[in-house]
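Peer 1: Below is one structure. I have some questions about it.
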Amino acid sequence: MIAPWHVQRLAALDFESSDKDRETARIVTGALALVGGGLPTDTRTWLLNPGIPMEPGAIAVHGITDEYAAEHGVPAEQGVGEIAKALSEVVAGGTPIVGHNVGSYDLNLLDRECLRHLGDSLEGICRQPLTRVIDTMVIDRHVAPFRRRVSESQGPYQMRTTAETYGLDWDEEAAHGAEYDALQSARAAYRMGAIAHQPRANRPQWVHRLRTQRFDALAGVSVDDLHLMQQAWAAEQAAGLQEWLRAKAPEGKRDPDTVVDGRWPLIPAPRQGGEG
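Numbering (the numbering used here), first residue to last: 39 to 314.
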C-alpha cells in the first residue's frame with residue numbers, strides 16, 4: 039500500500055535570485071533537500087555567480103552581494119547544469135518536488151536558466167513532463183481562503199505566514215536562505231497533509247473556524263491526482279487575482295488590461311519578439 043502523499047520521500051526545492059521576475063531573474067543560491075519517507079535528510083546547496091548586477095531589493099532579502107557572489111559563487115552555467123542534473127534525477131526517480139510558490143516561480147526560474155545556459159527547457163532536460171509537484175502556496179490558498187495580511191510587510195500566503203499558520207517556528211535570520219525555505223516548505227506540506235488525514239473533530243481550532251471542509255480534498259489522494267487538483271486550483275486563483283486587479287484593486291494597482299497566467303507548474307517561456 040502506498041503511503042499518504044505527505045509522508046512520502048519529498049524533494050524540497052527553493053531558490054534565491056537576482057530579482058522577482060522569473061523571465062529576467064538569475065539563480066543566486068539554491069537548495070534541493072530530500073526529506074521524509076523514513077530516511078535521513080539529504081541536502082545539496084549551491085551558490086552561483088549570476089553574472090549580472092542584482093536588484094537592491096533582492097540583495098536586501100537574501101543578503102548575497104554582487105561582490106560576494108562573484109568571489110565565492112560557481113559560474114552560472116556550471117551551477118545551473120548541476121542543479122538541473124540533480125533535479126532530473128529526482129524526477130526520474132518519481133520523487134515529488136515540493137516548495138512554496140514553486141510552481142509559479144522557482145521551477146519557471148530554473149526553466150529559464152536552463153534555456154539561457156543549457157539550450158534546453160527544464161522538462162527537456164528531465165526528458166519528461168513535471169507531473170508530481172506539491173506547491174504549498176497553491177494548497178494553502180485553496181484550503182484556507184480569504185486569509186488577511188498579517189501586516190503591511192507580511193502577506194497572507196508568503197512563506198512565513200504559511201509556516202506560522204501551520205504551527206512551525208520561524209527564524210527570521212535564517213529565513214530567505216534557500217535551504218531554510220526549502221525545508222520549511224516540506225514541513226508545511228507535511229502539516230497540511232497531517233491535518234487532512236485527521237478526523238474532522240481532531241483538526242486545529244483555526245481550521246474549524248474556516249467553516250469549510252476543503253482539507254478533505256487532500257486526504258487519500260495520490261501525488262499525481264494532487265498535482266492535477268493543484269493545476270485547477272492555480273487556474274482559479276489566477277482568475278480571481280486577475281479579476282481583482284482589473285476591477286477591485288485600489289487606485290494605483292488597478293489595471294483593466296491585467297493578465298494573470300494561470301498555467302501551473304510551468305509557464306512556457308515567451309517567444310522571441312514578445313509572443314507568448
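Positions of the beta carbon are idealized from the N, C-alpha and C atoms, including for glycine.
Fair warning: this is a prediction, and the values are worked out from it, not measured in the lab.
#1: Evaluate residue 249 with the Cβ neighbour count: other Cβ atoms within 10 Å of its Cβ, from every protein chain shown; 16 or more gives buried, anything less gives exposed.
#2: Just the C-alpha distance for residue 112 and residue 182, rounded to the nearest angstrom, thanks.
#3: For residue 68, write down the residues that DSSP places opposite it in a beta bridge.
#4: Could you compute how far the alpha carbon of residue 195 sits from the alpha carbon of residue 173?
#5: Mapping the DSSP letters down to three states, classify residue 90 as helix, strand or coil.
#6: Report the residue from 77, 53, 185 whose alpha carbon sits nearest the alpha carbon of residue 86.
#7: Terminal residues of the continuous alpha helix (DSSP H) containing residue 173?
#8: Confirm, please, whether the CB-CB distance from residue 156 to residue 117 is below 8 Å.
#9: Can you tell me the Cα-Cα spacing of residue 114 and residue 88, whole angstroms?
#10: Just verifying my parser: in three-state terms, what is the DSSP assignment at residue 148?
#11: Helix, strand or coil for residue 102? Go by DSSP, reduced to three states.
#12: Ordered along the chain, which non-local residues of its own chain (more than five positions away) have a Cβ less than 6 Å from that of residue 96?
#13: Residue 273: which of 300, 283, 94, 207 sits nearest, CA to CA?
#14: So the candidates are 92, 130, 171; which of them puts its Cα closest to the Cα of residue 66?
#15: Which partner residues does residue 325 have in the DSSP bridge list?
#16: Scan the segment 211-263 and note each continuous alpha helix (DSSP H) run of 4 residues or more that stays entirely inside, going in chain order.
#17: Can you tell me which of the three DSSP states residue 305 falls into?
#18: Report the rounded CA-to-CA distance for residue 176 versus residue 218, giving the unit in angstroms.
#19: Inspect the CB distances between the segment 69-80 and the segment 279-296 and report whether three or more fall short of 8 Å.
#20: What's the gap between the Cα of residue 279 and the Cα of residue 202?
#21: Sort 237, 225, 151, 104 by Cα distance to residue 59 and report the nearest one.
#22: Using the C-alpha atoms, what's the distance from residue 41 back to residue 235?
#23: In this structure, does DSSP put residue 112 in helix, strand or coil?
#24: Is DSSP giving residue 176 helix, strand or coil here?
#25: Can you list, in chain order, the residues of its chain with a C-beta nearer than 6 Å to that of residue 75? Leave out the 5 residues immediately preceding and following it.
#26: Strictly by DSSP, which residues pair up with residue 137?
#27: I need the boundaries of the alpha helix (DSSP H) containing residue 202, first residue and last residue.
#28: Mind checking residue 207: buried by the 16 CB within 10 Å criterion, or exposed?
#29: Mind checking whether residue 200 and residue 138 have CB atoms under 8 Å apart?
#30: Under 6 Å Cβ to Cβ from residue 271, same chain only, skipping five residues before and after it: list those, please.
Peer 2: Considering the structure as presented:
#1: Looking up residue 249 in the sequence shown gives position 211. Classification for residue 249: exposed.
#2: Position 74 of the sequence shown, counted from the start, is the residue given in the question as residue 112. Position 144 of the sequence shown, counted from the start, is the residue given in the question as residue 182. Taking the straight line joining both Cα atoms gives about 40 Å.
#3: Taking the sequence shown and counting its residues from 1, one reaches residue 68 at position 30. In DSSP, residue 68 forms a bridge with 53, 84.
#4: For this step, residue 195 is matched to residue 157 along the sequence shown. For this step, residue 173 is matched to residue 135 along the sequence shown. In a straight line, the C-alpha of residue 195 is about 12 Å away from that of residue 173.
#5: Walking along the sequence shown from the start, residue 90 turns up at place 52. In this structure, DSSP gives residue 90 a state outside helix and strand, which the three-state scheme calls coil.
#6: To locate residue 86, count along the sequence shown from 1; it is residue 48. Selected option, being the one with the closest Cα: 53.
#7: On the sequence shown, residue 173 is found 135 positions in, with the first residue counted as 1. Element bounds for residue 173: not the alpha helix (DSSP H) but the beta strand (DSSP E), 171-173.
#8: Here residue 117 refers to the residue found at position 79 when the sequence shown is read from its first residue. Here residue 156 refers to the residue found at position 118 when the sequence shown is read from its first residue. With a cutoff of 8 Å on beta-carbon distance, residue 117 and residue 156 are scored as not near each other.
#9: Within the sequence shown, residue 114 is the residue found at index 76, counting from 1. Within the sequence shown, residue 88 is the residue found at index 50, counting from 1. If you take the alpha carbons of residue 114 and residue 88, they lie about 5 Å apart.
#10: As a first step, residue 148 is located in the sequence shown; it is residue number 110 there, counting from the start. Three-state result, residue 148: helix.
#11: The residue labelled residue 102 in the question sits at position 64 within the sequence shown. DSSP places residue 102 in coil when its eight states are reduced to three.
#12: Mapped onto the sequence shown, residue 96 falls at position 58. Same-chain partners within the cutoff: 56, 57.
#13: To locate residue 273, count along the sequence shown from 1; it is residue 235. If we check each option's Cα against that of residue 273, 300 comes out closest.
#14: Position 28 of the sequence shown, counting from 1, holds the residue named residue 66. With distances taken between Cα atoms, residue 66 lies closest to 92.
#15: Nothing can be reported for residue 325: it is not among the residues displayed for the chain, which extend from 39 to 314.
#16: 216-234, 243-246
#17: Here residue 305 refers to the residue found at position 267 when the sequence shown is read from its first residue. Coil at residue 305, not helix or strand.
#18: What you label residue 176 is simply residue 138 of the sequence shown in a count that begins at 1. What you label residue 218 is simply residue 180 of the sequence shown in a count that begins at 1. Roughly 20 Å separates the two Cα atoms.
#19: no
#20: One-based indexing of the sequence shown puts residue 279 at position 241. One-based indexing of the sequence shown puts residue 202 at position 164. If you take the alpha carbons of residue 279 and residue 202, they lie about 24 Å apart.
#21: Along the sequence shown, one-based indexing puts residue 59 at 21. Nearest to residue 59 by alpha-carbon distance, out of 237, 225, 151, 104, is 151.
#22: Stepping through the sequence shown from its first residue, residue 235 is reached at position 197. Stepping through the sequence shown from its first residue, residue 41 is reached at position 3. Near 12 Å, if we compare the C-alpha coordinates of residue 41 and residue 235.
#23: For this step, residue 112 is matched to residue 74 along the sequence shown. Three-state DSSP puts residue 112 in a strand.
#24: As a first step, residue 176 must be located in the sequence shown, where it is residue number 138. Three-state DSSP puts residue 176 in a helix.
#25: Working through the sequence shown from its first residue, we reach residue 75 at position 37. Cβ neighbours of residue 75 beyond the five flanking positions: 46, 47.
#26: Position 99 of the sequence shown holds residue 137. Answer by DSSP bridge pairing, in chain order: 173.
#27: The residue labelled residue 202 in the question sits at position 164 within the sequence shown. Element bounds for residue 202: 197-203.
#28: Against the sequence shown, residue 207 aligns to sequence position 169. Burial call: exposed.
#29: As a first step, residue 200 is located in the sequence shown; it is residue number 162 there, counting from the start. As a first step, residue 138 is located in the sequence shown; it is residue number 100 there, counting from the start. Closer than 8 Å, so yes.
#30: By one-based count along the sequence shown, residue 271 stands at place 233. So the list reads 176, 180, once near-sequence residues are dropped.
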